[in-house]
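Input: a single structure, listed below in structure tokens.
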Amino acid sequence: MERDASTPDHADIVIVGTGHGGAQAAIALRQQGHEGSILMIGRDDAPPYERPPLSKEYLAGDKGFERIMIRPEKFWADKNVDLKLGSGVSAIDWIAHTVTLSDGSKIGYRKLIWSGGGDPRRLGCPGASLKGVFYVRDKRDADAMMAALDAGARRAVVIGGGYIGLEAAAVLRKLGCEVTLVEMLDRVLARVAGEDLSRFYEEEHRRQGVDVRLSTGVEEILGEDGKVTGVKLDSGETVDCDMVVVGIGIVPAVAPLIAAGAAGSNGVDVDFCCRTTLDDIYAIGDCAAHANPYANNAVIRLESVQNAHDMANTVAKAIMGDKQPYHALPWFWSNQYDLKLQTAGLSLDYDETVLRGDPATRKFTVVYLKEGKPIAFDCVGTMKDYVQGRKMLEAGVEAVDRDLLADPEVPLKELL
Ligand code: FAD
Numbered sequence: 270m271e272r273d274a275s276t277p278d279h280a281d282i283v284i285v286g287t288g289h290g291g292a293q294a295a296i297a298l299r300q301q302g303h304e305g306s307i308l309m310i311g312r313d314d315a316p317p318y319e320r321p322p323l324s325k326e327y328l329a330g331d332k333g334f335e336r337i338m339i340r341p342e343k344f345w346a347d348k349n350v351d352l353k354l355g356s357g358v359s360a361i362d363w364i365a366h367t368v369t370l371s372d373g374s375k376i377g378y379r380k381l382i383w384s385g386g387g388d389p390r391r392l393g394c395p396g397a398s399l400k401g402v403f404y405v406r407d408k409r410d411a412d413a414m415m416a417a418l419d420a421g422a423r424r425a426v427v428i429g430g431g432y433i434g435l436e437a438a439a440v441l442r443k444l445g446c447e448v449t450l451v452e453m454l455d456r457v458l459a460r461v462a463g464e465d466l467s468r469f470y471e472e473e474h475r476r477q478g479v480d481v482r483l484s485t486g487v488e489e490i491l492g493e494d495g496k497v498t499g500v501k502l503d504s505g506e507t508v509d510c511d512m513v514v515v516g517i518g519i520v521p522a523v524a525p526l527i528a529a530g531a532a533g534s535n536g537v538d539v540d541f542c543c544r545t546t547l548d549d550i551y552a553i554g555d556c557a558a559h560a561n562p563y564a565n566n567a568v569i570r571l572e573s574v575q576n577a578h579d580m581a582n583t584v585a586k587a588i589m590g591d592k593q594p595y596h597a598l599p600w601f602w603s604n605q606y607d608l609k610l611q612t613a614g615l616s617l618d619y620d621e622t623v624l625r626g627d628p629a630t631r632k633f634t635v636v637y638l639k640e641g642k643p644i645a646f647d648c649v650g651t652m653k654d655y656v657q658g659r660k661m662l663e664a665g666v667e668a669v670d671r672d673l674l675a676d677p678e679v680p681l682k683e684l685l
């Protein structure tokens, strides 16, 4: 079927960001029957690709770029989705309905979808810009790390014990590096998981040979001839290394939206169908602050493929006239060593946890409860619990018997 193509200065729908949200928005618009022109603009040089493998299989060298592309390159041309890669949007005029690119050119739109994700939070200490300090956000970051490993880097300090830091540490160990992991708080994954899961992963990383340092800050990155040689910790100790990997979170990439007048403090605010406060501008994915029904309608940002994907579908429908509130169950995964973690729901304001199974067996589930009601599941190697836990959350199950919940022999579906 013939579809409109964008012109150099206008597209019916402009999508900013070629990551998970942006790519899925274009896919979903075509699936929904949108015939108008679609232009995706992204700072990244590469066609849309998956980000999770950058700290997992891609970094480990187990998957090449072709295998992490969201769609084969040809797909976009076949669907008449225009890509403008290696190009940043620096300003938005929401009254004139135009975006300005970093080269000063302007492109008009009827609807704008912003899926800018976030930029890695940078280290603020001396030495942070030395050669050998890496972040893990896009393909270029992962490629630079892989080049350093190929060039012989073997001693790494990973700063940050969140999922990305832990996954990078696991890959670096697999590649034979000495790894020290430095976490400022008193446990890893402190912002996203309960203590059972944190202690399990700390133990696992130590067992795999990672030197895990908790309640430890970084004072300075040390270097010689512009290159990293070590990390000075706040204890005064120096850890020698030839590479530093930083995973300390992201800063939502929304500056042009906020400068244009969109409301937002942590990211950009969106309503039930992902509209910003500016006419005809939607925002999705990591940068979109929304009231989430699985967090008691607290306004939060979620950094997950699920959220980017499902928000993209919500926006595509809304643009096609089917305004349905965003109401998708949050889920997430993390691969470290041979361990597969799958999470469902949001544990943000739990008041109790129940452990199903014994972490020593490396197969167990942490159930998070709020006033006796399950609100989230962290499942390590327990696929059945994950599938059935999702069903429980979607069904909105009320208080359950804790003894039955704690018994891994009792399938969760029996508690539905
Ligand atoms: P992104 O996918 O980050 O895409 C944003 C794009 O917008 C980027 O390409 C950026 O360059 C571009 N951009 C930003 N500003 C501009 C601008 N002004 N002009 C033009 N382009 C712009 N999630 C999971 O669910 N499971 C995982 O296991 C997992 N692992 C991860 C591992 C890593 C290393 C990383 C980095 C993320 C991981 N995530 C994981 C998170 C997941 O990848 C993100 O939540 C998801 O990519 C968000 O999609 P997005 O479209 O909001 O942003």
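According to the working numbering, the sequence shown is numbered sequentially starting from 270.
C-beta: ideal position from N, C-alpha, C; glycine also.
List the endpoints of the continuous beta strand (DSSP E) containing residue 482. Mapped onto the sequence shown, residue 482 falls at position 213. Per DSSP, residue 482 belongs to the beta strand (DSSP E) from 480 to 482.
Give the straight-line distance between the Cα atoms of residue 293 and residue 577, rounded to the nearest whole angstrom. Residue numbering aside, residue 293 sits at position 24 when the sequence shown is read from its first letter. Residue numbering aside, residue 577 sits at position 308 when the sequence shown is read from its first letter. Between residue 293 and residue 577, the C-alpha separation is close to 8 angstroms.
Along the alpha helix (DSSP H) that carries residue 560, what are the first and last residues, could you check? As a first step, residue 560 is located in the sequence shown; it is residue number 291 there, counting from the start. Element bounds for residue 560: not the alpha helix (DSSP H) but the beta strand (DSSP E), 557 to 561.
Counting Cβ pairs, one atom from each stretch, are 3 or more of them under 8 angstroms apart for the stretch 397 to 411 and the stretch 484 to 494? Flag = yes, the stretch 397 to 411 and the stretch 484 to 494 touch.
Can you say whether residue 685 is buried or exposed, counting buried as having 16 or more other CB atoms within 10 angstroms of its CB? Against the sequence shown, residue 685 aligns to sequence position 416. Exposed: under 16 other Cβ atoms inside 10 Å.
Does residue 666 have its Cβ less than 9 angstroms from a Cβ in chain D? This model lacks chain D altogether, as it is built from one protein chain only.
Cα separation between residue 286 and residue 658? Within the sequence shown, numbered from 1, the residue matching residue 286 stands at position 17. Within the sequence shown, numbered from 1, the residue matching residue 658 stands at position 389. Distance between the alpha carbons of residue 286 and residue 658 is about 33 angstroms.
Rounded to a whole number of angstroms, what is the C-alpha to C-alpha distance between residue 423 and residue 394? Residue mapping note: residue 423 aligns to position 154 of the sequence shown, counting from 1. Residue mapping note: residue 394 aligns to position 125 of the sequence shown, counting from 1. Spanning the two alpha carbons is a distance of roughly 23 angstroms.
Per DSSP, which one or two residues make a beta bridge with residue 603? On the sequence shown, position 334 is the one that residue 603 refers to. Partner(s): 610.
Give the list of continuous alpha helix (DSSP H) stretches no shorter than 4 residues that lie fully inside the stretch 498 to 555. Here the runs fully enclosed are 524 to 528.
If I'm right that residue 441 touches residue 448 with Cβ under 8 angstroms, what's the distance once you round it to whole angstroms? Taking the sequence shown and counting its residues from 1, the one referred to as residue 441 is at position 172. Taking the sequence shown and counting its residues from 1, the one referred to as residue 448 is at position 179. Yes, they are in contact, since the Cβ atoms of residue 441 and residue 448 sit about 5 angstroms apart, within 8 angstroms.
Considering only C-alpha positions, which residue in the set 650, 638, 613, 612 is nearest to residue 628? By 1-based counting over the sequence shown, the position of residue 628 is 359. If we check each option's Cα against that of residue 628, 650 comes out closest.
Taking C-alpha atoms, which residue in 530, 616, 274, 681 lies nearest to residue 461? Taking the sequence shown and counting its residues from 1, the one referred to as residue 461 is at position 192. When each option's Cα is compared against that of residue 461, the closest is 616.
Assign residue 485 to buried or exposed, taking buried as 16 or more other Cβ atoms, counted over all protein chains shown, within 10 Å of its Cβ. For the purposes of this step, residue 485 is taken as residue 216 along the sequence shown, with counting starting at 1. It counts as buried.
Tell me the residue span of the alpha helix (DSSP H) that contains residue 586. Counting from 1 along the sequence shown, the entry for residue 586 is found at position 317. DSSP places residue 586 inside the alpha helix (DSSP H), whose first and last residues are 574 to 588.
For residue 375, which of 279, 412, 385 has the nearest alpha-carbon? Residue mapping note: residue 375 aligns to position 106 of the sequence shown, counting from 1. Nearest C-alpha to residue 375: 279.
Confirm, please, whether the CB-CB distance from residue 350 to residue 688 is below 9 angstroms. The requested residue 688 is not part of the displayed model; the chain covers only 270 to 685.
Residues near residue 507 by beta carbon distance below 6 angstroms, same chain, minus five either side: Here the question's residue 507 lines up with position 238 in the sequence shown. Answer for residue 507: 499, 501, listed in chain order.
Could you tell me whether any non-hydrogen atom of the ligand FAD is closer than 8 angstroms to the CB of residue 559? As a position in the sequence shown, residue 559 is number 290, starting the count at 1. Annotation for residue 559 indicates a beta carbon at 8 angstroms or more from all heavy atoms of the ligand FAD.
For residue 594 and residue 275, the rounded distance between their alpha carbons: In the sequence shown, the residue the question calls residue 275 occupies position 6. In the sequence shown, the residue the question calls residue 594 occupies position 325. The straight-line gap from Cα to Cα measures roughly 29 angstroms.
Using the three-state DSSP reduction, which class does residue 420 fall into: helix, strand or coil? Start at 1 with the first residue of the sequence shown, and residue 420 comes out as number 151. Assigned with DSSP and collapsed to three states, residue 420 falls in coil, not helix or strand.
Under a three-way DSSP split, which group does residue 459 fall into? Within the sequence shown, numbered from 1, the residue matching residue 459 stands at position 190. Correct three-state label for residue 459: coil.
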